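**Q** Could you have a look at this structure, given as structure tokens, before my questions?
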Amino acid sequence: MKPLILIAAILVTTSSATLHGAISTQYHTQDHHGQYSYGYHGPLSSASESKSHDGVTKGSYSYVDGYGHVQSVHYTADPHTGFHAVGTNLPQAPHPVNHGHLGLGHYGNPVPTNPHGVPVDTPEVA
Numbered sequence: 000m001k002p003l004i005l006i007a008a009i010l011v012t013t014s015s016a017t018l019h020g021a022i023s024t025q026y027h028t029q030d031h032h033g034q035y036s037y038g039y040h041g042p043l044s045s046a047s048e049s050k051s052h053d054g055v056t057k058g059s060y061s062y063v064d065g066y067g068h069v070q071s072v073h074y075t076a077d078p079h080t081g082f083h084a085v086g087t088n089l090p091q092a093p094h095p096v097n098h099g100h101l102g103l104g105h106y107g108n109p110v111p112t113n114p115h116g117v118p119v120d121t122p123e124v125a
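Numbering (numbering that gives the first Met the number 0), first residue to last: 0 to 125.
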């Protein structure tokens with residue numbers, strides 16, 4: 000029985016080292032003008048980002064969530080329009096609903112005014 004447990008433990012250790020070992024890669028480059036590029040790729044996640052000479056940064060990342068689904072995000076950032084991201088796990092803003100033109104009649108009667116700027120007495124509400 001002990002040799003069987005020992006063999007099982009060796010197999011689990013070997014397969015785990017293979018899964019998390021040689022499959023991962025990474026890279027990084029940069030220059031003196033502020034441009035760079037980096038990234039990594041692994042069995043459960045990956046990411047990459049680069050910045051060009053004009054200040055535009057582009058990148059993406061992905062990972063496997065707790066349900067086994069691959070989630071990914073792509074983003075861009077620049078000095079003029081800011082940061083923008085699109086992803087499979089980001090909430091979407093609701094689309095505005097156009098109710099048409101709502102005039103004063105919809106909300107009730109207009110507020111009574113006096114052309115001379117003096118307050119107008121209105122009926123008391125009980």
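Glycine is no exception: its CB is placed at the ideal position from the N, C-alpha and C atoms.
Keep in mind it's a predicted model, so treat the numbers as computed, not measured.
Taking 9 Å as the cut-off, decide whether the C-beta atoms of Gln70 and Ser61 are in contact.
**A** In the sequence shown, the residue the question calls residue 70 occupies position 71. In the sequence shown, the residue the question calls residue 61 occupies position 62. Yes. Within cutoff.
**Q** Could you give the DSSP three-state label for Gly116: helix, strand or coil?
**A** Against the sequence shown, residue 116 aligns to sequence position 117. It is coil, neither helix nor strand.
**Q** Nearest by alpha-carbon distance to Ser23: which of Gly86, Ser36, Asp30, Gly41 is it?
**A** Position 24 of the sequence shown, counted from the start, is the residue given in the question as residue 23. It is Gly41 whose Cα lies nearest to the Cα of Ser23.
**Q** Could you tell me how far apart the beta carbons of His73 and Gly81 are, in whole angstroms, since I believe they sit closer than 8 Å?
**A** One-based indexing of the sequence shown puts residue 73 at position 74. One-based indexing of the sequence shown puts residue 81 at position 82. Between Gly81 and His73 the Cβ distance is about 15 Å, and since that is not below 8 Å, they are no contact.
**Q** Let me make sure I understand the geometry here. Which of Leu43, Ser47, Ser44, Asp53 has the alpha-carbon closest to that of Gly33?
**A** Counting from one through the sequence shown, the residue named residue 33 turns up at place 34. Here the closest residue by C-alpha is Asp53.
**Q** Which of the three DSSP states, helix, strand or coil, is assigned to His32?
**A** Position 33 of the sequence shown, counted from the first residue, corresponds to residue 32. Here His32 sits in coil by DSSP.
**Q** Using alpha carbons as the reference points, say which of Val119, Gly116, Ser49 lies closest to Asp30.
**A** In the sequence shown, residue 30 corresponds to position 31, counting from 1. Ranking Val119, Gly116, Ser49 by Cα distance to Asp30 puts Ser49 first.
**Q** Which one or two residues does DSSP pair with Asp77 in a beta bridge?
**A** Position 78 of the sequence shown, counted from the first residue, corresponds to residue 77. Answer is Gly81.
**Q** Pull up the CB-CB distance for Thr28 and Val55, whole angstroms please, since I reckon it's below 8 Å.
**A** Start at 1 with the first residue of the sequence shown, and residue 28 comes out as number 29. Start at 1 with the first residue of the sequence shown, and residue 55 comes out as number 56. The pair is not a contact, with the Cβ atoms about 17 Å apart (cut-off 8 Å).
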